[in-house]
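Visitor: Numbered per the working numbering, the sequence shown spans residues 2 to 318.
Quick reminder that beta carbons are idealized off the backbone N, C-alpha and C, glycines included.
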Amino acid sequence: MNRTVTLIVPCYNEEESLPIFYDAVCEVARGLPQVDFTFLLVNDGSKDGTLGVMRALAAKDERVKYLSFSRNFGKEAAMYAGLCNAKGEYVAVMDADMQDPPSLLPQMIEALDTGEYDSVATRRVTRAGEPKLRSFFARRFYRIINRISDADVVDGARDFRLMRREMVQAIVEMGEYNRFSKGIFGWIGFRTKWLPYENVERVAGETKWSFFKLFKYSIDGIINFSQAPLSVASWMGILLTFVAFLMVVFVVVRRLLFGDPVAGWASTICVILFIGGIQLLCMGIMGQYLAKTYMEVKGRPHYIVAESNDPDVKRVR
Ligand code: UDP
Ligand code: MG
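#1: Determine the contact status of Gly7 and Ala87, defining contact as a CB-CB distance below 7 Å.
#2: Are there any heavy atoms of the ligand GTP lying less than 6 Å away from the beta-carbon of Arg162, as far as the coordinates show?
#3: Could you tell me if Glu202 is buried or exposed, where buried requires 16 or more neighbouring beta carbons within 10 angstroms of its beta carbon?
#4: Measure the Cβ-Cβ separation of Ile224 and Gln280 and say whether it is below 7 Å.
#5: Please list, in chain order, all residues of the same chain as Pro103 whose beta carbon is under 7 Å from its beta carbon, the five residues on each side excluded.
#6: Determine the closest residue to Gln35 out of Val250, Pro107, Glu77, Lys61, with distance taken between C-alpha atoms.
#7: Inspect the CB distances between the stretch 115 to 126 and the stretch 43 to 52 and report whether three or more fall short of 8 Å.
#8: The beta strand (DSSP E) spanning Leu240 covers which residue range?
#9: Counting by C-beta, which residues lie closer than 7 Å to a heavy atom of the ligand UDP, in chain order?
#10: Going by alpha carbons, who is nearest to Lys76 out of Leu257, Arg4, Cys12?
#11: Got a sec? Which residues, its chain only, sit under 6 Å from Ser150 by beta carbon, not counting five neighbours each side?
#12: Taking the straight line between their C-alpha atoms, what separation do you get for Gln15 and Ala205?
#13: Under 8 Å, with one C-beta from each stretch per pair, do the stretch 297 to 306 and the stretch 170 to 178 reach the 3-pair mark?
#14: Tell whether a beta-carbon distance below 7 Å holds between Arg135 and Val155.
Below is the structure:
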């Protein structure tokens, strides 16, 4: 019996990269006759000809399944849709831009075949070709999220991983609306083997992540997997109350002993502004959690499928 492997490929404006990616995987697949590959291409509301490329690939190769969203729902939603609809015994998530090298697949499949692992994940050990500032903030982010949350997020970890069915099932069960896959992978546990590799730059097209989008994504990651910011707000409140108490004692004693006349407009304003700032910050932190809760409670679907060549595909989830 052949192994079945489903490759989930989230695509947003990848008309140039997708054919290159497809050819590269076919090349790898030819070297692995004992493995049956299926593609599950997810078109995340692309504005270019990506959907056309998918239809063409599906027409000439029956291993190609695709589903197309009604609009852009984001990579997290695209991966979730893929995981919900993948049928293989092993399932991999891969980017279409060749930054997740298909040449690693044989090694990954072999590692799962030994039975010692439930997933094989990849980690880039260099950040070559990436802006310095971005690397700096990325490193800080990994340090912070690992310190304050119980999701174990590995520095440089990619979303590229091969998983067993059991693990895929566990991820599908994590039906939260605000998804942060790097955290989810770490949170569910299972035995994971890490494959380090050198960073590869994308073959065509351009990255969809601006610095600001990445920054927002990292804040989302922290809020989704940690309550530490809320504790910081509480501790700041306690500390400020303590300082305020000392100030009161100081001012009252000084007034009684020295009969201090009115003075100190500047310092008063500074204190008011400072405390006002901290109050707004703490309200902002609470607001972030409230907003997440609000979205979660609404229970809106993660994605809406407008078109697919697979009749079994779940249209909404
Ligand atoms: N992607 C997606 N929806 C989006 C943004 C990106 O499906 O809204 C896909 C994209 O097509 C690619 C993968 O996610 O296959 C990674 O995107 P990108 O290469 O832009 O990210 P980077 O590698 O720069 O982190
Ligand atoms: Mg990329």
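Guide: Here's the rundown:
#1: According to the sequence shown, residue 7 is Thr rather than Gly. Result yes, Cβ atoms of Thr7 and Ala87 sit closer than 7 Å.
#2: As for the ligand GTP, it is missing from this structure, which binds only the ligand UDP and the ligand MG.
#3: Exposed, because fewer than 16 other Cβ atoms sit within 10 Å of the Cβ of Glu202.
#4: Contact flag unset, no.
#5: Ala25, Val26, Val29
#6: Pro107
#7: no
#8: Per DSSP, Leu240 belongs to no beta strand (DSSP E); it is in the alpha helix (DSSP H), 229 to 259.
#9: Val10, Pro11, Cys12, Tyr13, Asn14, Glu15, Val43, Asp45, Asn73, Gly75, Lys76, Ala79, Asp96, Ala97, Asp98, Gln100, Arg203, Thr208, Lys209, Trp210
#10: Cys12
#11: Phe226, Ser227
#12: In the sequence on display, residue 15 carries Glu and not Gln. Each residue's alpha carbon lies about 8 Å from the other.
#13: yes
#14: no
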